[in-house]
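Sequential numbering of the sequence shown, starting at 111, is according to my numbering. C-beta: ideal position from N, C-alpha, C; glycine also. Worksheet for the structure shown next.
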Amino acid sequence: MRSYFVILIFIAIIPFTWSQKMEKHFFEYKTTAVRKVISDVEVKYAVKYSYVDSIVAPIKITLEPREYSLDEVNLAIENQTSLKIIKIDKRYFSIIKEDEERVKTEQLKEILVEGFMSKGINKVNQSILIDPQKVMMLPGVTDADILLSLQQLPGVKSPNETATGLNIRGGTADQNLILWDGVRIYHPGHLFGMISGFNPNVVQKVRYQNKATHPKFGERVASVIEIQSTDSIASKTHVNAGINGLNADLFLQTPLLKDRIGLQLSARKSYTELFQTPTFNALTDKVFQNTNLDNFNDSNQFGFEDYAAKLNFNLIANSEISVSGIWIDNNLDFTSSTSDQKERNQKMEITNNGYSLNWSQKYSTKFKQSILIHYSAYQFAYDKNEVKSDTTFELFQKRNRITDSGISCDFEWKPSEIFRLDFGYQLQGNDISHSFTSKNQDLEIDLNQKQLFLISNVGFANLSVDLASWKLVGGIRYNSIAKLNSTLVEPRLLIQKKLFKDLTAQFSFEKKNQILSQFRESVTNDLSLENYVWILSDNSQYPIQKAQQFTAGLVYKKQSWLFDVDVYYKTIRGITSLTFGFLNPTDGLLHRGDGFTRGADILVQKSSATWRTWMTYTFQDSQNRFDAINDNNYFDTNANIRHAFSVSFYKKWNRYTAAIGWFWRTGKPYSLLNNANQIVSFNTEELPSYHRADISGTYLFHDNKSWSGKVGVSIYNLYNRKAVISREYERRYSSLADIVSTSFKVQDYSSLGFMPNIFVRFSF
111 MRSYFVILIF IAIIPFTWSQ KMEKHFFEYK TTAVRKVISD VEVKYAVKYS
161 YVDSIVAPIK ITLEPREYSL DEVNLAIENQ TSLKIIKIDK RYFSIIKEDE
211 ERVKTEQLKE ILVEGFMSKG INKVNQSILI DPQKVMMLPG VTDADILLSL
261 QQLPGVKSPN ETATGLNIRG GTADQNLILW DGVRIYHPGH LFGMISGFNP
311 NVVQKVRYQN KATHPKFGER VASVIEIQST DSIASKTHVN AGINGLNADL
361 FLQTPLLKDR IGLQLSARKS YTELFQTPTF NALTDKVFQN TNLDNFNDSN
411 QFGFEDYAAK LNFNLIANSE ISVSGIWIDN NLDFTSSTSD QKERNQKMEI
461 TNNGYSLNWS QKYSTKFKQS ILIHYSAYQF AYDKNEVKSD TTFELFQKRN
511 RITDSGISCD FEWKPSEIFR LDFGYQLQGN DISHSFTSKN QDLEIDLNQK
561 QLFLISNVGF ANLSVDLASW KLVGGIRYNS IAKLNSTLVE PRLLIQKKLF
611 KDLTAQFSFE KKNQILSQFR ESVTNDLSLE NYVWILSDNS QYPIQKAQQF
661 TAGLVYKKQS WLFDVDVYYK TIRGITSLTF GFLNPTDGLL HRGDGFTRGA
711 DILVQKSSAT WRTWMTYTFQ DSQNRFDAIN DNNYFDTNAN IRHAFSVSFY
761 KKWNRYTAAI GWFWRTGKPY SLLNNANQIV SFNTEELPSY HRADISGTYL
811 FHDNKSWSGK VGVSIYNLYN RKAVISREYE RRYSSLADIV STSFKVQDYS
861 SLGFMPNIFV RFSF
């Protein structure tokens, strides 16, 4: 019976492939953009092309009126342009420049799903690959913001509505490893995390991993977000510049020595210090609610900027060297007066800068080596100064500093198309300190102060095996930390099986450890979104966090339909009541604990050449328990959003694109206090459900070989529905009696309201 089934499939495939080769359709184009021709061909022949927009966009071709086969169309494109069309399989094609290395097409062979929610987002085994320049318009996202775009994926949520506060499968934001060209990023956002700290218009790739993570990545227990700027050297100077409701930006890519040395420069700067737009006002209303920070103007300012640079060298055959640097900066300076004429000034500066050297050497078609040297520095400085009179004052200062550096040496050996072995060694150093200080005219008190330094020695190996319909990936990461007297072993496993032509099953397992995390400070300041401090594990007060995750999933892809389902179970040990975001308002002590998360992520998608619609659903049950809290029983985590649903639609016609999405989720849990300020229930209550609609649109008003320009608009929370997304208890110290007997004030934080944004962008 099985042999008959195989024969029937074989008989069904033969006429399909034959008809595809012989099938012809009528085309007629006169000096028409290749992108338009490709779009029509994809519909007629049910094929897909993968390409970089910046290469294809300025090119036009002419086709005389007649019937063409698919091969004839591809040949016409190659004959009339400098493009090369490479066939990946019977349905997928890659378009590159004729002089572009074919090695770039190897990655396409591993694609499990092309166009995962959007063109420019692909699923590759255990990773999601994002090409920001190719991502079509997403609802409510302006300029393809990297971290906001990730939130469109199932299983990625931001309970506090920030770009950087990504809670992935029960993890907290500090449990995500964010890398830019190998540099560790500790503050990846602007405006208290409301937008990403990375210029989305830089030519770069993003790889997101939330399961079976490659063993060369460790350090965090939730996910890896790896941002890699391009290594290619431009043949001529390219400039991309734009402005939106918050900032202006510029990206320059130019050759310094033809085909040998290339330079990339990126700059983005807010203008909110000079002019406050409706976009900025909407964000500050959300960020600074329940504080005395309002009415920003020329003297009371909040600004941000980020810069990046990269030099690429191809001076020796089969050798690539690059030097990269990034700078992310946020500044606040706000002065206000109280009812009794006291003056209060708050200053804050957050900087994260880093540098890296990457060297890749290809010794043969089977063996290559990569070396990375990286350095990162993070600084947080906050001062709250209250002047009571000419001779009296109160000053609170908070400082947090990280110095992170290391070297990594990786090797790749690929003896055949079946086997691939990656292995290497890493040396990593972390130096972290923090301090809280209170001063007045008579006294200075250190409220909390600590410094730790650790060195990690890491070895890793990863074996990938492709056997017909099976793909097996197994790896291990070994981490030795002498100062903690700890040896951490982290196995990783991915099993992928093609069950049928259109159905693929996956299973994965991983163990991860984390020695660096954030804890919630107990000293009250006016910046509720910045009350977390980075610390290192010491194996006593702050233990090493240890997590493991099992996942199983199915991917069904047939023609224009896609169904993707992933279920998982994750456990974590070594958490504390402060590092995992649970602060008992009646108990300032630190408690150790453990937790688990179980959930499911679902995506259903229908697409065509000019429109696409998709639906996502996430179920999550995330619970923790801590020593001497709630009788050691499990209770919901602070950020546990049990159900989340979204539906989105994208349409393109001529030079217009539009996207609309509706997002709904259940509310966060919170605890109840009685009249004696004692907790009567631990996160058993739930805030109201949250929902909003977002819309975006663009118009390409000019597009030719010399330059292109487009304008776009987005509206976040179209019908301006505000919901309470967080409820916190703030301890009051209004009198001496409050020090002895606790007193609390309930603080409700609302969602972001109606927020319009507009942008104009030019490419030369």
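Member of the options whose CA lies at the smallest distance from the CA of residue i
i    : options                : result
I221 : G230, K229, V234       : V234
I625 : K267, K244, G265, D284 : D284
L564 : D556, A592, L582       : A592
K611 : A571, A657, K668       : K668
R802 : I825, T808, V790, T794 : I825
N641 : N540, K815, Q507, I343 : Q507
G771 : L828, S590, N558, A719 : L828
Y678 : A710, R702, T347       : A710
Y535 : E795, R708, A571       : A571
W671 : S237, S718, L577       : S718
S409 : L384, K315, S429       : L384
F436 : V312, Y588, Q616       : Note on residue identity: the sequence assigns Ile, not Phe, to residue 436. Selected option, being the one with the closest Cα: V312.
T707 : A657, S518, R837       : A657
E527 : K549, L603, F477, P298 : F477
R775 : S791, V834, I685       : V834
N357 : Y381, G281, R509       : Y381
Residue-level contact to chain B via CB, residue i, 8 Å cutoff
i    : result
W437 : In the structure shown, chain B cannot be found, because there is only a single protein chain.
Rounded separation between residue i and residue j - CA only
i    : j    : result
A847 : F308 : The predicted position of A847 is uncertain, since its pLDDT is 48 and thus under 50; a value taken from the coordinates is nonetheless stated next. Answer to the nearest angstrom: the Cα atoms are 48 Å apart.
I195 : L862 : 46 Å
I868 : N441 : 24 Å
R735 : P779 : 15 Å
K820 : P242 : 16 Å
D500 : N623 : 52 Å
A392 : N400 : 15 Å
I555 : Q471 : 54 Å
Y159 : Y202 : 6 Å
I335 : L287 : 6 Å
L637 : F398 : For L637, the predicted structure reports a pLDDT of 48, less than 50, and the residue's modelled location is therefore unreliable. A value from the coordinates is still provided. Computed Cα separation, rounded: 7 Å.
S579 : Q788 : 59 Å
E271 : K200 : 43 Å
G584 : T728 : 28 Å
S756 : L260 : 14 Å
I205 : I278 : 34 Å
T389 : N742 : 45 Å
D493 : F546 : 10 Å
D676 : I231 : 17 Å
Residues sharing a beta bridge with residue i, DSSP
i    : result
Y780 : E795
Y296 : Beta-bridge pairing links Y296 to no other residue.
S508 : The sequence as given places Lys at residue 508; Ser does not occur at that position. In DSSP, K508 forms a bridge with Y492, F546.
E224 : N232
H701 : BP columns for H701 are empty, so no partner.
N357 : S380
Q363 : H348, Q374
Q338 : K315
W671 : K668, K716
Q857 : E838
Within 8 Å, strictly: CB atoms of residue i and residue j
i    : j    : result
G880 : L537 : In the structure as shown, the chain starts at 111 and stops at 874, and residue 880 therefore has no counterpart that could be examined.
L102 : P264 : The question about residue 102 has no answer here: the residues shown for the chain are numbered 111 through 874.
H544 : I438 : no
N649 : L594 : yes
Q166 : V144 : Correcting the residue identity first, residue 166 is Val in this sequence and not Gln. Yes, the Cβ-Cβ distance between V166 and V144 is below 8 Å.
Q715 : K321 : no
S432 : D341 : yes
V936 : Y588 : Coverage of the chain is limited to positions 111 through 874, which leaves residue 936 absent and any answer about it impossible.
P269 : A754 : no
S339 : D291 : yes
N402 : I343 : no
N495 : N550 : no
Inter-residue CB distance, residue i and residue j (contact presumed, cutoff 8 Å)
i    : j    : result
Y178 : F226 : At roughly 30 Å, the Cβ-Cβ gap does not stay under 8 Å, so Y178 and F226 are not in contact.
I739 : S687 : 7 Å
Y155 : E133 : 7 Å
T808 : M247 : 6 Å
A487 : T513 : 6 Å
V266 : L258 : Not confirmed; about 10 Å, so no contact.
G372 : N422 : 4 Å
A254 : P310 : 4 Å
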